[in-house]
Amino acid sequence: MTTDEWRSAWKAALDALEQDVETVETMLAEEHRLQEIELSSGWTPPANLGPLPLDLRPRADEILTRQLAAAQALSMAMTANRRQSAFAAKVENGDPGKNPPAYLDVSM
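Here the sequence shown is numbered in full-length UniProt numbering, starting from 1 and rising by one per residue.
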């Protein structure tokens, strides 16, 4: 593999990683929460890629930082979603252990 092919392979690999993190960041944005986003098939590093070229290290570090931030945001969103779901279940079913009202007085 020539030096140019090596650099091109790494740039393509970083492009794929960056596209994945952009998809997650888009999904987490307020205006896209209800939009369907295509599932990712996962990232597999290309075979025989070799070590990362030093001049691409800052870009790789920036992508990693964005991935970690997106993972944390996803975790927080899932936790909030579970809490909201549990609250909605209480609102719909009432407090656990208590019987629902038998009638509703609408005379007032």
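Backbone N, C-alpha and C fix where the C-beta goes; we use that ideal spot for every residue, glycine too.
Model, not experiment: these values are computed from the prediction.
Same chain only: Cβ atoms within 7 Å of residue i, ignoring 5 sequence neighbours per side
i: residue 119; result: Residue 119 cannot be examined here, being either before or after the span of the chain that is shown, 1 to 108.
i: Ala60; result: Leu14, Leu52
i: Gln67; result: Val21
Residue i versus residue j - alpha carbon distance
i: Val24; j: Met78; result: 13 Å
i: Ala29; j: Ala71; result: 14 Å
i: Pro58; j: Ala88; result: 45 Å
i: Lys90; j: Met76; result: 21 Å
Contact check, residue i vs residue j, beta carbons under 7 Å
i: Thr63; j: Leu17; result: What sits at residue 63 in the sequence shown is Ile, not Thr. Their beta carbons are under 7 Å apart, which means Ile63 touches Leu17 by this criterion.
Assumed close pair residue i, residue j - CB separation to whole angstroms, cut-off 8 Å
i: Pro46; j: Ala13; result: 6 Å
Residues near residue i by beta carbon distance below 6 Å, same chain, minus five either side
i: Arg7; result: Pro53
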